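Protein chains in written order, with this note's numbering: chain A, 20 to 428; chain B, 20 to 428. Even for Gly, the Cβ is constructed at its ideal location relative to N, Cα and C. As the structure is a prediction and not an experimental result, all values here were calculated from the model.
Protein chains: 2
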Amino acid sequence: MHEGRRDLPSLEGAGDILSLIASRRASSRAELLRASGLSRVTVTQRLTALLAHGLVRETEETLRSGGRPTRILEVNASSGFVLAANIGETHIHLAAMDLSPAIFAQATLPFALPNRPEATLDAISEGFSALLAEAGNERGLLFGISLSLPTPVDFKRGRVVGPSVLQGWDEFDIIGWLGARFGVPVFVENDVNLMTIFEQKHRLPAEDDMLFVKVGTGIGSGMIAGGRLFRGAQGAAGDIGHIQFVSNDAPLCRCGKFGCVEARAAGWAIARDLTQRGIPTETARDVIDLVEQRKPEALMLLREAGRTIGEVIADAVSILNPGVIVIGGTLARAGETLLSGIRELVYQRCLPLATRDLTITLSSVHDDTALYGAAYLLLDDLYAPDKVHQLLARASSAEQKRRRPKTRR
Amino acid sequence: MHEGRRDLPSLEGAGDILSLIASRRASSRAELLRASGLSRVTVTQRLTALLAHGLVRETEETLRSGGRPTRILEVNASSGFVLAANIGETHIHLAAMDLSPAIFAQATLPFALPNRPEATLDAISEGFSALLAEAGNERGLLFGISLSLPTPVDFKRGRVVGPSVLQGWDEFDIIGWLGARFGVPVFVENDVNLMTIFEQKHRLPAEDDMLFVKVGTGIGSGMIAGGRLFRGAQGAAGDIGHIQFVSNDAPLCRCGKFGCVEARAAGWAIARDLTQRGIPTETARDVIDLVEQRKPEALMLLREAGRTIGEVIADAVSILNPGVIVIGGTLARAGETLLSGIRELVYQRCLPLATRDLTITLSSVHDDTALYGAAYLLLDDLYAPDKVHQLLARASSAEQKRRRPKTRR
DNA sequence: AATCTTTTGTAAAGAAAAATACATAAATTG
DNA sequence: CAATTTATGTATTTTTCTTTACAAAAGATT
Chain A
20 MHEGRRDLPS
30 LEGAGDILSL
40 IASRRASSRA
50 ELLRASGLSR
60 VTVTQRLTAL
70 LAHGLVRETE
80 ETLRSGGRPT
90 RILEVNASSG
100 FVLAANIGET
110 HIHLAAMDLS
120 PAIFAQATLP
130 FALPNRPEAT
140 LDAISEGFSA
150 LLAEAGNERG
160 LLFGISLSLP
170 TPVDFKRGRV
180 VGPSVLQGWD
190 EFDIIGWLGA
200 RFGVPVFVEN
210 DVNLMTIFEQ
220 KHRLPAEDDM
230 LFVKVGTGIG
240 SGMIAGGRLF
250 RGAQGAAGDI
260 GHIQFVSNDA
270 PLCRCGKFGC
280 VEARAAGWAI
290 ARDLTQRGIP
300 TETARDVIDL
310 VEQRKPEALM
320 LLREAGRTIG
330 EVIADAVSIL
340 NPGVIVIGGT
350 LARAGETLLS
360 GIRELVYQRC
370 LPLATRDLTI
380 TLSSVHDDTA
390 LYGAAYLLLD
400 DLYAPDKVHQ
410 LLARASSAEQ
420 KRRRPKTRR
Chain B
20 MHEGRRDLPS
30 LEGAGDILSL
40 IASRRASSRA
50 ELLRASGLSR
60 VTVTQRLTAL
70 LAHGLVRETE
80 ETLRSGGRPT
90 RILEVNASSG
100 FVLAANIGET
110 HIHLAAMDLS
120 PAIFAQATLP
130 FALPNRPEAT
140 LDAISEGFSA
150 LLAEAGNERG
160 LLFGISLSLP
170 TPVDFKRGRV
180 VGPSVLQGWD
190 EFDIIGWLGA
200 RFGVPVFVEN
210 DVNLMTIFEQ
220 KHRLPAEDDM
230 LFVKVGTGIG
240 SGMIAGGRLF
250 RGAQGAAGDI
260 GHIQFVSNDA
270 PLCRCGKFGC
280 VEARAAGWAI
290 ARDLTQRGIP
300 TETARDVIDL
310 VEQRKPEALM
320 LLREAGRTIG
330 EVIADAVSIL
340 NPGVIVIGGT
350 LARAGETLLS
360 GIRELVYQRC
370 LPLATRDLTI
380 TLSSVHDDTA
390 LYGAAYLLLD
400 DLYAPDKVHQ
410 LLARASSAEQ
420 KRRRPKTRR
C-alpha cells in the first residue's frame with residue numbers, strides 16, 4: 020500500500036472526524052467519540068493525523084468540567100483558503116478567504132453588464148490568479164472557488180437559468196469553465212441565497228427556519244427550511260419581488276407586469292416616486308441618503324414601502340412559518356423606518372401561532388455578506404460527510420508534492 | 020454475547036441494509052454493495068439474517084441485465100403492521116395496515132368534538148386494541164402508532180399547538196399517553212401534511228419540491244421541500260387559507276379577520292354564497308353535488324373560487340418554486356372546473372421560469388390518504404438509518420418471546 | 001497537600017469487516 | 001448448445017476497529 024511520508028500518519032478514514040469538527044457537531048474528543056461511534060483508539064489515531072497535517076488544531080480555551088478540562092478542537096482556519104467572487108450589477112468583488120472564513124486579500128473589477136460570460140470569467144480568472152500569487156504557499160491548499168451572481172441559478176448544474184441582467188449567461192457552464200482553469204471544485208449561487216446563508220451561519224446558527232429578505236434596488240428573499248437552504252425546483256424560490264397586489268393604481272414593474280411588490284416598494288420604485296415629487300433620485304443609496312437627512316417625503320415613502328413589503332412577508336410567513344425574519348439590503352439601513360411598517364402588517368395579517376415566537380430583525384449591514392455566504396456554502400459542501408474524503412485526498416497529495424522536491428531546497 | 024436462537028442468524032448490524040431496502044435506495048444485492056460501502060461478504064451475511072427473520076423478501080420479478088438477472092429485494096410487507104387513526108371533525112377512522120402500507124382491518128368511531136383528549140384517546144385505544152386482536156399473531160410486530168389530526172401539530176413534541184377545533188387538546192402529551200398504553204413509537208401529525216406525504220410517496224416519489232393544497236370545508240396546504248416535509252418553526256407552515264386579500268367587499272372569515280382566502284373560496288364560503296342566492300347548501304359535499312348536477316350558480320362560484328385559490332397559489336409558487344402542485348380535498352372532485360381557475364391565475368401571475376416546468380394536477384380522490392400518509396410517515400422514521408437499529412432490536416426480542424415457550428406446544 | 005473527577009493516551013488481545021480468490025447460478029447471445 | 005455476461009455465495013487471509021486494561025494529565029474539591 021502506497022503511503023505518503025513516513026513522518027506523517029495517513030489521513031485515510033479521518034474524514035468522518037474532520038467533518039464532525041468542521042460542522043461543529045463535535046468539538047472535543049469526547050464528543051467525537053459519541054458522534055462518530057468509533058472507539059477512542061481510532062478517534063485518537065485519526066485525530067493525531069489531522070493534527071499532524073495541520074488540518075485541525077486545538078484551541079487555547081478549555082471547557083472546565085470538574086475534572087481534567089476538555090480541549091476544544093476546531094478546523095485550522097489557515098490550513099487552506101477559498102477564492103470567491105461577487106458579481107454585482109456595477110462591479111465584481113474578488114476575495115481570498117481563509118477557512119474562518121475571513122478575507123485576507125481582495126480586489127475589485129469594473130463590470131460592464133452586457134459582457135459575454137467568457138470575457139467576464141477571463142477577467143475573474145486573472146484576478147483570482149493574482150490573489151493566488153498573493154496567497155503564496157503560506158496559505159495552504161486552495162479548497163475551491165465560489166461565485167455569487169445577481170440572478171437565479173440552478174445550483175446543481177452551476178448555471179444561470181432564465182432571463183436575467185446577465186444577458187448571454189443563460190445555461191453557460193460556469194462550473195466547467197472555471198473548473199478546467201483551476202482544477203478545484205466550483206460553486207455558483209444566487210447572491211440573495213448566499214446572503215441568507217451568511218445570516219444563518221454567522222448570526223443564527225441555531226435557527227432552522229428563517230427568512231431573509233433583501234430590500235435594495237430590487238427585492239428578493241432566501242429561506243432556510245429545516246436547517247438547509249431551500250432552492251425550489253428551478254432554483255427560483257424566494258422570488259417575492261414579483262408577487263402582485265392588484266389595485267387601480269398598480270404601477271408598472273420592470274418585469275412587464277403591473278402591481279408587483281418591487282414596482283411599489285423597491286429602491287428603484289421609491290427613487291421613481293421621489294423624482295416624480297420633484298426630488299431627483301436615482302439609486303437605492305440616494306434614497307437612503309435622503310432618509311438619513313430626515314427628508315419627509317423619503318421617510319413617508321419608505322414607511323409605506325415597509326407596509327407593502329410587510330404585506331408580502333405576511334404571506335410568506337403564513338406559508339413558511341419561519342422562526343426569524345432578517346431584513347437586509349441597502350434600504351435596510353433605514354432601520355426602524357422600514358421595519359415598523361413590516362412589523363405592522365405581519366402582526367396584523369398572520370395568525371398568532373405563527374407570530375408568537377417570531378422575531379423580525381435587521382441584517383448585519385456590510386457589503387461582503389454574499390462573499391462570506393459563498394465561502395460558507397463551499398466549505399459546508401466540501402466538509403460534508405460524503406465528500407470530505409475527496410478534500411482529504413487532495414490535501415494529502417498536495418502535501419506530498421510540497422515535500423517531495425527535497426533534491427532542490 | 021447474548022444470542023437469540025441457534026437457528027436464526029443475528030440481526031446485529033443489519034440496520035443499514037434494511038434501511039437502504041426500505042427507503043428504496045437499493046433494491047438488489049449489487050445496489051446494496053454500492054450504497055452501503057460494505058463488502059459482499061458482509062452484505063450477504065446481513066441480508067441472510069434479514070431474510071431468515073422474514074423482514075425482507077425476494078420478489079418474483081427479476082431485472083434482466085444481459086447476464087444472470089438481478090433478484091429484487093423489498094421489505095416484507097407482512098413482517099409487521101401499523102395502527103393509524105385519522106381524527107376528522109365528525110368521526111374517527113381507525114386502521115391497521117401492513118407495511119405496504121395497505122389497510123387490512125379498520126373501524127370508524129363517532130367523534131363529538133368538544134371531548135377532552137383523554138376520553139377520545141381512550142376510545143381510540145379501545146378501537147386499536149380490537150384491531151390488535153384482529154391482527155393476531157399472523158401479522159408480525161406492531162411497528163408503531165400514527166395519528167392524523169385536523170389541527171396544527173408540533174411534530175417533534177407530538178402535541179396540538181395553538182387554538183384549533185380540538186378544544187382542550189392544546190399542549191396535551193399525546194405521544195406520552197399512547198406510548199405508555201401500547202409501548203410502541205407514536206407519531207402525531209397534521210392531516211394536510213399527511214395527505215401531502217401520501218401524494219409524494221405514492222404518486223410523485225421522484226419529485227423533491229411539491230405543493231399540496233387541500234380545498235375542502237377549509238383550505239390548507241403542505242409542502243415537500245428538498246424531498247422532505249417542510250413544517251416551519253411551529254409546525255404552522257402551509258397555512259394559505261388565512262392569507263388575506265383586502266378589498267371593499269372582503270367577507271368575514273371564521274378566524275375573525277376579513278378577506279381571507281378561506282372566507283372567499285373554501286367549501287363553507289361557497290355554501291354560504293349559494294345559500295345567500297337561495298340555494299340552501301351546508302357542506303362542501305353539498306357544493307360538489309350541485310356542481311355535478313351542473314347547477315350554473317355552483318359552477319360559477321367554484322370557478323371563481325378557483326381563481327381566488329389560484330391567486331394565493333401563485334404567491335406560494337413565487338415563494339416556493341415547486342415542481343408539481345397537487346390539488347386535493349372535497350372540492351377537488353369538481354376537477355377542471357376548479358383547476359382551470361387556478362391555472363389561469365398561476366400562469367398569469369408567476370414568472371416564466373417558475374411555471375416553465377410546473378404541473379398542476381388533481382390528487383387521487385379517496386378518503387384515506389391521511390391514514391396512508393400517517394403510515395408512510397411512521398415507516399419512514401422507523402426505517403431511518405439512525406433509528407432502524409431500535410426497530411431491529413424490538414423485532415429480535417419479539418421473535419425470542421414468540422419462540423421461547425417450547426415447553427407448551 | 002491529598003484526593004477526586006474527568007479527559008486523554010496507549011498497548012495488547014480479540015472481533016469484525018474487507019480483500020482475495022474461487023465457485024456457482026441463471027439469464028442472454030451467437 | 002456453447003460462450004458470454006452478470007449476479008451471487010463462500011472459504012481464507014489480511015486489515016481495521018473495538019475491547020480491555022492500565023496510566024497519566026490537569027483542574028476541582030476537601
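**OP:** Evaluate contact between the segment 177 to 195 of chain B and the segment 258 to 269 of chain B, counting only Cβ atoms and requiring at least three cross-stretch pairs below 8 Å.
**Re:** no
**OP:** Closer than 6 Å by C-beta to Gly241 (chain A): which residues in its own chain qualify, once you throw out the five before and the five after it? Chain order, please.
**Re:** Here the question's residue 241 (chain A) lines up with position 222 in the first sequence. Closer than 6 Å at the Cβ level, and outside the excluded window around Gly241 (chain A), lie Val211, Asn212, Thr215, Phe231, Gly257.
Subject >> Sequence-distant residues of the same chain with beta carbon closer than 7 Å to Leu39 (chain B), five excluded per side >> reply: The residue given as residue 39 (chain B) occupies position 20 in the second sequence. Excluding residues within five positions, the ones whose Cβ falls inside 7 Å are Ala45, Leu51, Ala54, Ser55.
**OP:** Compute the Euclidean distance between the alpha carbons of Leu223 (chain A) and Pro315 (chain A), then round it to the nearest angstrom.
**Re:** Residue mapping note: residue 223 (chain A) aligns to position 204 of the first sequence, counting from 1. Residue mapping note: residue 315 (chain A) aligns to position 296 of the first sequence, counting from 1. Straight-line Cα distance between these residues: approximately 35 Å.
**OP:** Mind checking which residues open and close the beta strand (DSSP E) that includes Arg375 (chain A)?
**Re:** Locating residue 375 (chain A) in the first sequence gives position 356, where the first residue counts as 1. No beta strand (DSSP E) holds Arg375 (chain A); DSSP gives it neither H nor E.
Original post:
Grouping DSSP H, G and I as helix and E and B as strand, with all else coil, what is Lys233 (chain A)?
Top reply: Taking the first sequence and counting its residues from 1, one reaches residue 233 (chain A) at position 214. Note: Lys233 (chain A) maps to strand in three-state DSSP.
Original post:
With a cut-off of 8 Å, does the C-beta of Pro204 (chain A) fall near any C-beta of chain B?
Top reply: Sequence index remark: in the first sequence, residue 204 (chain A) carries index 185 (1-based). It does not: the Cβ of Pro204 (chain A) has no partner Cβ on chain B nearer than 8 Å.
Subject >> As assigned by DSSP and simplified to three states, the class of Ala131 (chain B) >> reply: Locating residue 131 (chain B) in the second sequence gives position 112, where the first residue counts as 1. Correct three-state label for Ala131 (chain B): coil.
Subject >> Nonlocal neighbours in the same chain, by C-beta distance under 8 Å from Thr139 (chain A), ignoring five residues either side >> reply: Within the first sequence, numbered from 1, the residue matching residue 139 (chain A) stands at position 120. Taken in chain order, the residues that qualify are Ile106, Ile111, Phe130.
**OP:** Measure the CB-CB distance between Leu102 (chain B) and Ala115 (chain B) and report whether it falls below 8 Å.
**Re:** As a position in the second sequence, residue 102 (chain B) is number 83, starting the count at 1. As a position in the second sequence, residue 115 (chain B) is number 96, starting the count at 1. Cβ distance < 8 Å, so Leu102 (chain B) and Ala115 (chain B) count as in contact.
Original post:
How would you call Glu79 (chain A), buried or exposed, if buried means at least 16 neighbouring beta carbons within 10 angstroms?
Top reply: Mapped onto the first sequence, residue 79 (chain A) falls at position 60. Exposed is the call here.
Original post:
Mind checking whether Gln253 (chain A) and Asp376 (chain A) have CB atoms under 8 Å apart?
Top reply: As a first step, residue 253 (chain A) must be located in the first sequence, where it is residue number 234. As a first step, residue 376 (chain A) must be located in the first sequence, where it is residue number 357. Against a cut-off of 8 Å, the Cβ pair of Asp376 (chain A) and Gln253 (chain A) comes out as no contact.
Original post:
Apart from the five residues just before and just after Asp387 (chain B), which ones in its own chain have a Cβ nearer than 8 Å to its Cβ?
Top reply: Position 368 of the second sequence, counting from 1, holds the residue named residue 387 (chain B). Excluding sequence neighbours, Asp387 (chain B) sits near Asn105, His112, Ala114, Ile122.
**OP:** Give the interface partners of Gly245 (chain B) over in chain A, defined as CB-CB distance under 7 Å, in chain order.
**Re:** Here residue 245 (chain B) corresponds to residue number 226 of the second sequence, with the count starting at 1. Within chain A, the residues near Gly245 (chain B) are Arg247, Phe249.
**OP:** Could you pull out every residue in the same chain whose Cβ sits closer than 8 Å to the Cβ of Arg250 (chain B), ignoring the five residues on either side in sequence?
**Re:** Taking the first residue of the second sequence as position 1, residue 250 (chain B) is located at position 231. Result list for Arg250 (chain B): Phe174, Asn212, Ala256, in chain order.
**OP:** Pull up the CB-CB distance for Leu30 (chain A) and Ala68 (chain A), whole angstroms please, since I reckon it's below 8 Å.
**Re:** Translated into the one-based positions of the first sequence, residue 30 (chain A) becomes position 11. Translated into the one-based positions of the first sequence, residue 68 (chain A) becomes position 49. Yes, they are in contact, since the Cβ atoms of Leu30 (chain A) and Ala68 (chain A) sit about 5 Å apart, within 8 Å.
Original post:
Going by C-alpha distance, which of A:Gln295, A:Gly329, A:Ile332, A:Arg422 is nearest Ala317 (chain A)?
Top reply: For the purposes of this step, residue 317 (chain A) is taken as the residue at position 298 of the first sequence. Residue A:Gln295 is the option with its Cα nearest to Ala317 (chain A).
**OP:** Classify Thr170 (chain A) as helix, strand or coil using the three-state DSSP reduction.
**Re:** For this step, residue 170 (chain A) is matched to residue 151 along the first sequence. Looking at Thr170 (chain A) - three-state DSSP - the assignment turns out to be coil, as it is neither helix nor strand.
Original post:
Which partner residues does Gln125 (chain A) have in the DSSP bridge list?
Top reply: On the first sequence, position 106 is the one that residue 125 (chain A) refers to. In the DSSP output, where bridge partners are listed per residue, Gln125 (chain A) has A:Ala114.
Original post:
Could you give the residue range of the alpha helix (DSSP H) that holds Ala104 (chain B)?
Top reply: Residue mapping note: residue 104 (chain B) aligns to position 85 of the second sequence, counting from 1. Counting along the chain, Ala104 (chain B) falls outside any alpha helix (DSSP H), though it belongs to the beta strand (DSSP E) covering 99 to 106.
Subject >> Contact belief for Arg322 (chain A) with Gly348 (chain A) at Cβ below 8 Å, rounded distance in angstroms >> reply: Position 303 of the first sequence, counting from 1, holds the residue named residue 322 (chain A). Position 329 of the first sequence, counting from 1, holds the residue named residue 348 (chain A). At roughly 16 Å, the Cβ-Cβ gap does not stay under 8 Å, so Arg322 (chain A) and Gly348 (chain A) are not in contact.
**OP:** Quick one: which residues of the segment 325 to 345 of chain B get their C-beta closer than 7 Å to a C-beta of chain A? List them in chain order.
**Re:** Asp334, Ala335, Ser337, Ile338, Leu339, Asn340, Pro341, Gly342
**OP:** Kindly indicate which three-state DSSP category Phe249 (chain A) falls into: helix, strand or coil?
**Re:** The residue you call residue 249 (chain A) lines up with position 230 of the first sequence. It is a strand residue.
**OP:** With 9 Å as the limit, tell me which residues of the segment 360 to 379 of chain B have their beta carbon closer than that to any beta carbon of chain A; keep them in chain order.
**Re:** Gln367, Arg368, Cys369, Leu370, Pro371, Leu372, Ala373, Arg375, Asp376, Leu377
Original post:
Taking Cβ-Cβ distances shorter than 8 Å, what residues in chain B pair up with Cys432 (chain A)?
Top reply: No answer is possible for residue 432 (chain A): it lies beyond the span of chain A, which begins at 20 and ends at 428.
Original post:
Short check: CB of Lys233 (chain B) to CB of Tyr395 (chain B), under 8 Å?
Top reply: Numbered from its first residue, the second sequence carries residue 233 (chain B) at position 214. Numbered from its first residue, the second sequence carries residue 395 (chain B) at position 376. No, the pair does not count as a contact, with Cβ atoms beyond the cut-off.
Original post:
Cα separation between Glu330 (chain A) and Leu168 (chain A)?
Top reply: Residue 330 (chain A) sits at position 311 when you count from the first residue of the first sequence. Residue 168 (chain A) sits at position 149 when you count from the first residue of the first sequence. Their Cα atoms are separated by approximately 27 Å.
Original post:
Can you list, in chain order, the residues of the segment 253 to 277 of chain B whose Cβ is nearer than 9 Å to any Cβ on chain A?
Top reply: Gln253, Gly254, Ala255, Ala256, Gly257, Asp258, Ile259, Gly260, His261, Ile262, Gln263, Phe264, Val265, Cys274, Lys276
**OP:** Determine whether the Cβ of Val232 (chain A) lies closer than 8 Å to any Cβ atom of chain B.
**Re:** For the purposes of this step, residue 232 (chain A) is identified with residue 213 of the first sequence, where counting begins at 1. Chain B contact via Cβ: absent.
Subject >> Host alpha helix (DSSP H) of Phe147 (chain B) (start-end) >> reply: Here residue 147 (chain B) is taken as the residue at index 128 of the second sequence, counted from 1. That run of the alpha helix (DSSP H) goes 136 to 154.
Original post:
Beta carbon of Phe147 (chain B), beta carbon of Gly99 (chain B): below 8 Å?
Top reply: For the purposes of this step, residue 147 (chain B) is taken as the residue at position 128 of the second sequence. For the purposes of this step, residue 99 (chain B) is taken as the residue at position 80 of the second sequence. No, Cβ-Cβ distance for Phe147 (chain B) and Gly99 (chain B) is not below 8 Å.
Subject >> beta strand (DSSP E) segment containing Ile298 (chain A), residue limits >> reply: Counting from 1 along the first sequence, the entry for residue 298 (chain A) is found at position 279. Run containing Ile298 (chain A): none; DSSP gives neither H nor E here.
Subject >> When B:Ala244, B:Thr236, B:Leu398 are compared against Ala285 (chain B), the one with the closest alpha-carbon >> reply: Translated into positions along the second sequence, residue 285 (chain B) becomes position 266. Per the Cα distances, B:Thr236.
Original post:
Does the Cβ of Glu281 (chain B) have 16 or more other Cβ atoms within 10 Å, making it buried, or fewer, making it exposed?
Top reply: Along the second sequence, one-based indexing puts residue 281 (chain B) at 262. Under this definition Glu281 (chain B) is a buried residue.
Original post:
Of all the residues that make up the segment 165 to 186 of chain B, which are near chain A by a beta-carbon distance shorter than 7 Å?
Top reply: Pro171, Val180, Gly181
Original post:
By the criterion of Cβ-Cβ separation under 7 Å, what are the contact partners of Asp228 (chain A) in chain B?
Top reply: On the first sequence, position 209 is the one that residue 228 (chain A) refers to. Residues of chain B passing the Cβ test: Gly251, Ala252.
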